[in-house]
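S.K.: Protein chains in written order, with this note's numbering: chain A, 149 to 658; chain B, 2 to 469.
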Amino acid sequence: MAANQSRLIFEYNVENRHGTQVVGGMRSGRLEDYPRSLPQKLLRTERLPLPQVSELELVRHYVRLSQDSFGIDTGFYPLGSCTMKYNPKACERYVKHPGFANTHPQQPIETLPGFLAMFANLQDWLADITGMDRISLTPAAGAQGEFAGMLIFKQYFASRGEQQRRVMIVPDSAHGTNPASAVLSGFTVAEVKCADDDGIMNLELLNAVIEKYGAETIAGIMLTNPSTLGTFEKEILAVSERIHEIGALLYYDGANLNALLGIARPGDMGFDLIHINTHKTLSTPHGGGGPGSGPIGVKEHLAPFLPHPHVRSTENGYEFYRPEHSIGRMKLFHGQFGILVRAWIYILLHGPEGLRRISENAIVNANYMQARLKDSYPVRYDKWADGTDRYCMHEFVASCGRLKKECGVTAKDIAKGLLNAGFHAPTTYFPLIIEEALMMEPTETESKELLDSFIDTMLELHRQARVNAEALRELPNLRIKGLDETYAARHIDVRWQPGMPEGSAAGEGM
Amino acid sequence: MTFVPNTAAQRAEMLRQIGVERFEDLLVAIPPELLMQRQLRVPEAHGEVELARAVEKLNAQNLHIPPNRVFAGGGAYMHHVPSVVDELSSRGEFYTAYTPYQPEVSQGYLQSIYEYQSYICMLTGMDISNASGYDGATTLADAVLMTNYVHKGKRSRVLFAPFVNAEFRNVVDTYCIGMEMRTEVLTASEQGRLSPQTLRDALSDDVACVVFQYPDCLGYLDEDMEELTAIVRESGALCIFSFYPFAAGLLKTPGELGADIVCGEAQCFGNYVNYGGPYCGFLACREQFVRVLPGRLIGRTVCERDGSPGMGFVMTLQAREQHIRRNKAMSNICSNQALLALRACIYLGSVGRNGFRQLAALCHANAMSAHEKLVNITGVQDAFPGRHFFNEFTLRFPSSQARQIRQRGLEQGMLVGIHPLVESDGTLNSDSNAGMVEDCLTFAFTEMQDEADSDALARLVWEVVSGS
């Protein structure tokens, strides 16, 4: 190989080598004739440069690539706000049932009462878990649930002749998807700086923003509770009362719902609309970035605007229907079906006590880590204004700000040090309001022994940073490091092409 | 059952170190009236034994149609999933990973997605592909919004060529609510085509893009596509193709036909039909639109590898994305469909150049063979005679028999065509071209069927049409 790099599948190509035999030879005999039934003008003239490799070469290639990847099955993955908990194998096994996998989405739903019942079960269970009146299962991911939610707000206000409500309040600790979803739906974002206060939303901050924009222009507020700081928004009842008083609505970002199962419900807090990330709370696998699934829940007044199809019960069972003022379809067919099946299985596996136990242990694990780490990695909001101890919920945000001042070691350095020690890193530099942030979410499925070994590593890195910061950056266990993102952005190489020399990066200045 | 490892003793010890007596002490910030006083209303915990029973019970209520007796497409195609795709994509290192935020420990996944992007570029004839979107309809909506950014919001009309799948159009309509773009469906000619004149008349300087589905939702191919795309280009609007990528095994790519942005569904590559999801939307464009392309993008870059200079992979051009740009991002996409993209990537490598061409030819051959059998039945006609198709075509039946044929099919364990105006949830979707396909059914064929299957289909249609 010419360059020092991992070989691409295309670079194994050997002319006329056979891959997987999908259909037997007896069916391919007369195929050469068939393209002749199409006019030459439509047919491809150049051969597709797909690789020609044996099945064994293919297997070794992707097994090797899997070994160069890190999943929850590999090791501890404390990525904050992502809920990287164990993905039960039973969910994977039973979703492969041919009854699920091989059912075509155009098969009439009347012939699939089992699926309708499953959709209805899941709608009912998620409604009870979240305290909402109606659940729609169709959004494809959390961000799409947010988008659906924002469109529902928009159409709700349009139906009331209140189109002037265009301002969406978003705290500075919010996930980036929140402002992006609001803008995509035609709203203007008013960011509220909670950082200088307690880090949470309160009446004073809220009133200031309402006054600034005018109560009649406010469409609503998007909150994550617990917030991305891992803090319960303890003023939530006052906030929701005030928002409703001015005729606006509350949106709940369900990214952190893993803290609340059987403990508290967004519906009871006054939220009008919520989304759930099944790939977080209900442990459907993250898949390397997806698929997710983002069911949304609403209170009755927003039910007529839900996306379709939606499932409701009838005298003889269940049926699909389109809510009266539906915002429309969010995606093809009936949602991320295979993901919803896994969520259904996950709830069945846990039962009511098991679900509460998830959240209890997620909270205990996070607080344990916070308690043991905060002397070395300070937690900005560790006391309430009255001086009482502030516990976190399922995650917390530590800071390397002090370390950076003392010895120049940053959150990124600590993150890479953790990779070098065989752990995945926490979320870094988020939320934006914490300097040199390390956002950690251990989840309920990790043991005390594992947390101890991680904490010991964090403390050791802290010690090393102060004695020999350079040594900490050596990362001897990482085969690959120093990946240059600036170079990647300037020399865009995002695909292989035939004739490309091995290991070359494509043209500059694109 | 739970997957919580800590014992009661460990938990007590942890609470002690935290400095509280009871778990409830950690919840002091939650107003007491919000604390739940009852258990959640979900079924009692199932073990694997009860779970297996529940899954069987659920599936036993349904009608099961064998894959070779599904003669329907409409956005989802019943192709065979090779064993190697399931085996490799089931590796925990892949499916339990998340977005590769830490490239040092994610090189394998990053490389797979780079390979996926390369495949999508080959199949579409485009320069840049993102790392996947939710499905073929949402990536179509993403494509439409891209044209809004390209034109800086100054062109708000979206034109659909005739016979773009109604579910896809519905999703675009939903996505357009926020940006206040307006969609219109162009009127078809008598042959179900878009005539150059109709297109010219509809174009103006407020049209952002024209959307073509290729093959269209009736299965047809247009020989004059290059002429149409040239007309669109002259007007300053962009051409979007919603493309069934299996056809790339035989047909010219949309890039060769003049597309600016190509999107569609990669479900057909190693992903199960799964009652509609999760699927894999792909989105690719010409080089000049890369800055408005939503979603993740994986790039190759320089790095230190085993102590010497080398190449590796990272997420690149992240400045387009929500986690950096927040309210100025090109989209709100965070999760994508990486695992399905990985499966598509493994699939294409597994069948390879010759295998893929052979499979595409077989899909076409099966469709041709069934078409011949069906149009020979008295009373059955092509919806638009003489039109060419790849693996899907549309037939016209005597009044009201389309519904009976589908019903009879279900009775005999077959999914016989789909009505081009009826969506997958059973509702009727009407547009200005609806009258042309009222008594029609659209049939799809893949490598799953053989002659016996199309014989059974033809017999069923003959029985209904002839009244036997």
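Quick reminder that beta carbons are idealized off the backbone N, C-alpha and C, glycines included.
All figures in this text were calculated on a predicted structure; none of them were measured in a lab.
In the DSSP output, what is G1(B) paired with across the bridge?
M.R.: Examination of residue 1(B) is not possible in this model, given that chain B is present from 2 through 469 alone.
S.K.: Of all Cβ atoms in chain A, is any one closer than 8 Å to the Cβ of N69(B)?
M.R.: Chain A contact via Cβ: absent.
S.K.: Taking only three categories from DSSP, how would you classify M541(A)?
M.R.: In the structure shown, M541(A) sits in coil (DSSP, three-state: anything other than H, G, I, E or B).
S.K.: Roughly how many angstroms lie between the CA atoms of A322(A) and R313(A), to the nearest whole one?
M.R.: Those two C-alpha atoms are separated by around 21 Å.
S.K.: What does the alpha-carbon distance come out to for the pair S467(B) and F485(A)?
M.R.: C-alpha separation (whole angstroms): 39 Å.
S.K.: For R621(A), go through chain B and note every residue whose CB falls closer than 8 Å to its CB, in chain order.
M.R.: The premise fails here: R621(A) is roughly 12 Å from chain B at the closest Cβ pair, so nothing lies under 8 Å.
S.K.: DSSP state of I220(A), grouped into three classes?
M.R.: Looking at I220(A) - three-state DSSP - the assignment turns out to be coil, as it is neither helix nor strand.
S.K.: Going straight from the alpha carbon of L422(B) to that of R397(B), what length do you get?
M.R.: When rounded, the distance between both Cα atoms is 13 Å.
S.K.: Rounded to the nearest angstrom, what separates A569(A) and T605(A) at their Cα positions?
M.R.: So the two alpha carbons sit approximately 8 Å from each other.
S.K.: Restricting to runs no shorter than 4 residues, where is the alpha helix (DSSP H) found entirely within the stretch 407–438 of chain B?
M.R.: Segments of the alpha helix (DSSP H) lying fully in the stretch 407–438 of chain B: there are none.
S.K.: Are three or more beta carbon pairs between the stretch 501–512 of chain A and the stretch 401–412 of chain A nearer than 8 Å?
M.R.: Contact between the stretch 501–512 of chain A and the stretch 401–412 of chain A is present, because at least three Cβ pairs lie under 8 Å.
S.K.: Run through DSSP, which three-state label would C346(B) get?
M.R.: Helix, per DSSP.
S.K.: On the three-state DSSP scale, how would you describe I487(A)?
M.R.: Reduced to three states, the DSSP call for I487(A) is helix.
S.K.: Is the beta carbon of I406(B) less than 8 Å from the beta carbon of V352(B)?
M.R.: No, these two residues do not count as a Cβ contact at 8 Å.
S.K.: Anyone know if the C-beta pair for E393(B) and A366(B) falls short of 8 Å?
M.R.: The answer is no: Cβ separation not under 8 Å.
S.K.: What does the alpha-carbon distance come out to for the pair H473(A) and Y466(A)?
M.R.: When rounded, the distance between both Cα atoms is 20 Å.
S.K.: Please report the straight-line C-alpha distance between S431(A) and E224(B), rounded to a whole angstrom.
M.R.: So the two alpha carbons sit approximately 48 Å from each other.
S.K.: Is L458(B) helix, strand or coil when you go by DSSP?
M.R.: In the structure shown, L458(B) sits in a helix (DSSP, three-state: H, G or I).
S.K.: Within 8 Å of any Cβ in chain A, is that where the Cβ of H152(B) sits?
M.R.: No, H152(B) lies away from the interface with chain A (no Cβ there is under 8 Å from its Cβ).
S.K.: In chain A, what lies closer than 7 Å to P83(B) by C-beta?
M.R.: Here the neighbours are T168 and V170.
S.K.: Suppose the cutoff is 7 Å on Cβ atoms and the five residues either side in sequence are ignored; what does the same chain contact list for V285(A) look like?
M.R.: Residue identity differs from the one stated: residue 285(A) is Leu in this sequence, not Val. Excluding residues within five positions, the ones whose Cβ falls inside 7 Å are F267, L270, Q271, P443, G483 and L488.
S.K.: Checking contacts by CB at 8 Å: is R54(B) closer than that to chain A?
M.R.: No - not a single Cβ of chain A is within 8 Å of the one on R54(B).
S.K.: Report yes or no: is there a C-beta of chain B within less than 8 Å of the C-beta of P526(A)?
M.R.: Chain B contact via Cβ: absent.
S.K.: Verify the CB distance criterion: does A268(A) have a CB-CB separation below 8 Å to chain B?
M.R.: No, because no Cβ of chain B sits closer than 8 Å to the Cβ of A268(A).
S.K.: Check for me: the beta strand (DSSP E) holding R460(A) runs from which residue to which?
M.R.: Looking at the DSSP string, the run of the beta strand (DSSP E) that includes R460(A) is H458 to T462.
S.K.: Please return the same chain residues whose Cβ sits closer than 6 Å to the Cβ of M298(A), not counting the five positions on each side in sequence.
M.R.: Only S329, A330 and S333 meet the Cβ criterion.
S.K.: Quick one: which chain B residues come within Cβ less than 7 Å of G293(A)?
M.R.: Under the 7 Å cutoff, chain B gives no residues; its nearest Cβ is about 10 Å from G293(A).
S.K.: Throw me the rounded Cβ distance for the L609(A) and L620(A) pair, which I believe falls under 8 Å.
M.R.: The pair is a contact, with the Cβ atoms about 6 Å apart (cut-off 8 Å).
S.K.: Just checking my contact of I424(A) with G402(A) at CB under 8 Å: how many whole Å lie between their CB atoms?
M.R.: Indeed, because the Cβ distance is near 4 Å, the residues count as touching under 8 Å.
S.K.: Taking 8 Å as the limit between beta carbons, can you name the residues of its chain near A209(B), skipping five residues before and five after?
M.R.: Cβ within range, chain order: V145, T148, N149, V151, H152, R156, S157, R158, V159, M182, A238 and L239.
S.K.: So what does Y714(A) bridge to, in DSSP terms?
M.R.: Nothing in the structure corresponds to residue 714(A), since chain A is present only between 149 and 658.
S.K.: Please decide whether A451(A) counts as near chain B, where near means a Cβ-Cβ distance under 8 Å.
M.R.: It does not: the Cβ of A451(A) has no partner Cβ on chain B nearer than 8 Å.
S.K.: Does chain A have any CB closer than 8 Å to the CB of L219(B)?
M.R.: It does not: the Cβ of L219(B) has no partner Cβ on chain A nearer than 8 Å.
S.K.: Tell me the residue span of the alpha helix (DSSP H) that contains V243(A).
M.R.: Where V243(A) is concerned, the enclosing alpha helix (DSSP H) stretches over K237 to V243.
S.K.: Assuming T230(B) is part of the alpha helix (DSSP H), what are its boundary residues?
M.R.: Per DSSP, T230(B) belongs to the alpha helix (DSSP H) from M226 to E235.
S.K.: On the three-pair Cβ rule with 8 Å, is the stretch 507–515 of chain A touching the stretch 584–596 of chain A?
M.R.: The stretch 507–515 of chain A, when compared against the stretch 584–596 of chain A, does touch it at the 8 Å Cβ threshold.
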